[in-house]
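Okay, structure first, notes after.
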Amino acid sequence: MKLVLREIEKNFGEKKVLKNASFVFEKGKIYGLLGRNGAGKTTLFNCISGDMKCDNGSVTLYDEIDCEHELDYSNIGFVFSQPSLPEFLTGYEFLKFFIDINIDKISNLLTIDEYFNMVKIDEDDRYRLIKGYSHGMKNKIQMLCFLITRPQIILLDEPLTSFDVVVALQIKNLLKEIKTDHIIIFSTHILQLATDLCDEIVVLNNGILEELDNDILDSKDFEDRIMDILKEERDA
Ligand SMILES: Nc1ncnc2c1ncn2[C@@H]1O[C@H](COP(=O)(O)OP(=O)(O)OP(=O)(O)O)[C@@H](O)[C@H]1O
Ligand SMILES: [Mg+2]
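Start counting the sequence shown at 1; every next residue gets the next number (UniProt numbering).
Structure (structure tokens):
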């Protein structure tokens, strides 16, 4: 399975954010998307997920036998950096509701408590209103949504920054465990995370996507080299 972006363009008025961004993302890999503030990472995710319409270009999916398909947006899990959840439900009620409406998409359904255990949400908190949850707890609930439905494409917009170290490590391991069945694209500003977790690093700069050579990932001066690339391209 491959997710193919072809010459994606997105403008906001005069501002050209994505300019012919093309890339092929493959199943089984975790892609780290790096780019400076305002580079267009969230915009790119919105274009892939269908939350925003791009001005030009296409996003298509190729299946295992290389047949091209239009994207089925219900097959995309998008974890926003700012979680948006119904605050008037308890975590438990929300997960129950989420499972009910997605039941036909779920294989290997676990119990709600097993899902809560996966992300270490305490028993007491499960029955509290989401309104009172911390940012990290809300992010955990968002993560659970894709862990429950396991969409083919998982977009994570700076998801791990609000997690405590224990949960961040757990989620990293979970992502590594499930990656063989998914295309996972992960935006982050934390270089350490990118090197730990990602198989490929993709840089978004000046509106285009570029893959970094894997030897940069392994190199000792990775951080310096990334800094140079991001600085150079913005200033160019
Ligand atoms: N709905 C919108 N209307 C107008 N401009 C927008 C809109 N969404 C994004 N932009 C602009 O597009 C550019 C890219 O924004 P985007 O949020 O995609 O960047 P980002 O790479 O996700 O940044 P960050 O690292 O800060 O999250 C910015 O200049 C932003 O102001
Ligand atoms: Mg963003």
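Backbone N, C-alpha and C define an ideal beta-carbon position, used for all residues, glycine too.
Predicted model only: the values in this text are computed from it and were never measured.
Asked, Found
"Cβ shell of Ser-74 (< 6 Å), same chain only, five flanking positions each side left out", "none"
"Cβ contact (3+ pairs, closer than 8 Å) linking the stretch 184–203 and the stretch 148–163", "yes"
"Helix, strand or coil at Thr-188 [DSSP, three-state]", "coil"
"Secondary structure, alpha helix (DSSP H): runs of 4+ residues fully inside the stretch 107–160", "112–118, 123–126 and 135–149"
"Cβ-Cβ distance between Leu-169 and Ile-226 below 8 Å", "no"
"Asp-218 versus Asp-164, Leu-197, Val-79 and Asn-102, residue with shortest Cα-Cα distance", "Leu-197"
"Spatially closest choice to Asp-113 from Ile-103, Leu-193 and Arg-126, by CA coordinates", "Arg-126"
"7 Å CB neighbourhood of Pro-86 in its chain, flanking five on each side removed", "Phe-94 and Ile-130"
"With 16 other Cβ atoms within 10 Å as the buried cut-off, status of Lys-231", "exposed"
"Segment limits, alpha helix (DSSP H) that includes Gly-91", "91–102"
"Cβ distance (whole Å) where Asn-20 is taken to contact Ile-208 below 8 Å", "6 Å"
"Assigned exposure category for His-69 - 16 Cβ within 10 Å defines buried", "exposed"
"Contact test: Gly-40 Cβ vs ligand 1 heavy atom, cutoff 7 Å", "yes"
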